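Let me begin by presenting the structure, written as structure tokens, before commenting on it.
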Amino acid sequence: MGPCVIFNPAARGERALRFRRFLTAVAPGTALKPTTGPGAARELAAEAAREGYEVIVSAGGDGTLHEVVNGLADVPGALARVTLGVLPLGTVNVFALELGLPLSPPRAWEVVRRGATRDVDLPWAEVTTPAGPRRERFIAIAGAGLDARAVELASWPLKPKIGRLAYLVAALQAWREPPREFPWEGGGERGRATFAAFGNGRFYGGRIEVFPGGDLRSGRVQACLFPRVTGPLILSSVWAYFGRRPWRPPPEVRRLADTEIHLPGPTAVPVHLDGELAGTLPARFGCAAGERLRVRVPAG
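Following the working numbering, the numbering of the sequence shown begins with 1 at its first residue and continues without gaps.
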């Protein structure tokens, strides 16, 4: 049985259309399951796992990948049996950058076909929703406070037109609002923040190395906790992002890594997982020992 590709037709417009034509030409026998809306990729991934596919490919952005991974986690034994392939067609593609995957769809497809297989960590988050606590995995990044609010404000019709700049516009809107402070606990320490960033590896929001000690196989979730977000901090972050320069946070920013980090509240603070709104505080973020994800990476 060949691979099954879960495909987001809306990912970056024309790029997604070109990929679909490419896949039809080079792999006509590949099963293709197009998504139809939010939550569909999760259902399709679970369906493909139950159908016995051994390689399931996420073709889209980090949001599609988030749903696919959680769909695999919904099926008992699937995480240990299924190998995940990643075809990065989204705006930021943090996980693909972390793995060193090519962003060209044909080259990324070659990694799916001929690459090596690596086991990586699969962090989790427990967030608050109107229906009660909800636990989900996240593949690359998560956040509470400023950036989650930016996800709320981001204009989805604008994303295909200006890409990553849509997040910058939304972040500036969120920054102009009164900050929402919340407590944090982790690594044997406590503090207060208005923005908490969590990662599975080194990068956050692109090629900004927010977690320099991050490792996809460390068994710990990385955190960067900001007591406040100032204008100079935003400017230095934009400079690092677009100029691909080293990012140096101010001294009051706390970095730590632990198997579990707790944000006790308040409920007005939003939380995102892999760029998708997930709920609010109170929330916990962690990395479960023994739960790993099998993923295709470049050989060598």
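Here a beta-carbon is modelled for each residue, glycine too, at the ideal position from N, C-alpha and C.
All values reported here derive from a predicted model rather than from experimental measurement.
Self-check item: Between the CA atoms of G265 and L89 - distance to the nearest angstrom
Solution: 35 Å
Exercise. Helix, strand or coil for A278, going by three-state DSSP, please let me know.
Key: strand
Practice problem: Could you name each continuous beta strand (DSSP E) segment of 3 residues or more that falls completely within the region 43-109, going from the start of the chain to the end? | Solution: 55-60 and 83-88
Exercise. Note down, in chain order, each residue of its chain lying with its Cβ closer than 7 Å to the Cβ of R118, except the 5 sequence neighbours on either side.
Key: V295 and V297
Practice problem: Please look up how many angstroms separate the CB atoms of E152 and P270, rounded, as I've assumed it's under 8 Å. | Solution: 6 Å
Quiz prompt | Per DSSP, cross-strand counterpart(s) of E209 | solution = F203
Practice problem: Give me the Cα-Cα distance between P106 and R18, rounded to the nearest whole angstrom. | Solution: Rounded to the nearest angstrom, the gap between the Cα atoms of P106 and R18 is 10 Å.
Quiz item: Which first and last residues belong to the beta strand (DSSP E) in which V221 is found?
Solution: Looking at the DSSP string, the run of the beta strand (DSSP E) that includes V221 is V221 to F226.
Quiz item: So, helix, strand or coil for D258, using DSSP?
Solution: strand
Quiz item: Taking the C-alpha atoms as reference points, what is the distance between I162 and T91?
Solution: With a pLDDT of 49 at I162, under the threshold of 50, the predicted position of this residue should be treated as unreliable, and no value is reported.
Quiz item: Given that a residue counts as buried once 16 or more other Cβ atoms are within 10 Å of its Cβ, and exposed if not, what is P282?
Solution: Using a 10 angstroms sphere on the CB of P282, the tally of other CB atoms reaches 16 or more, which defines it as buried.
Exercise. Quick one: measure Cβ to Cβ for V86 and A108, integer angstroms, because I've assumed they're closer than 8 Å.
Key: 7 Å
Quiz item: Are P9 and Y53 closer than 8 Å when you measure CB to CB?
Solution: no
Exercise. Confirm, please, whether the CB-CB distance from G187 to D258 is below 8 Å.
Key: yes
Quiz item: By Cβ distance, which residues of its chain are closer than 7 Å to R220, with the 5 residues on each side in sequence left out?
Solution: A257, D258, T259 and C287
Quiz item: Nearest CA to the CA of P178: which residue from G275, G145 and F198?
Solution: G145
Exercise. Tell me, please, which residues DSSP counts as bridged to T129.
Key: As a beta-bridge residue in DSSP terms, T129 pairs with G132.
Practice problem: Please name the residue, chosen from L168, Y167, T194 and L172, that lies closest to R180 on a Cα-to-Cα basis. | Solution: T194
Quiz item: What are the partner residues of R180, as DSSP defines its beta bridges?
Solution: In the DSSP output, where bridge partners are listed per residue, R180 has none listed.
Practice problem: Compare the C-beta of A49 against all C-beta atoms of chain D and say whether one is closer than 8 Å. | Solution: Absent from the structure is chain D; it holds one protein chain and no more.
Quiz item: Are there 16 or more other CB atoms within 10 angstroms of the CB of P232, so buried, or fewer, so exposed?
Solution: exposed
Quiz item: Can L225 and V253 be called in contact, C-beta distance under 8 Å?
Solution: yes
Quiz item: For E185, which residues does DSSP report across the bridge?
Solution: R190 and H262
Quiz item: Does DSSP put F242 in a helix, a strand or coil?
Solution: helix
Practice problem: Spatial neighbours of H66 within its chain, please: CB distance less than 7 Å, with the 5 preceding and 5 following residues excluded, ordered by chain position. | Solution: Counting only Cβ-Cβ distances below 7 Å, and skipping sequence neighbours, we find F138, I139, L273, D274 and E276.
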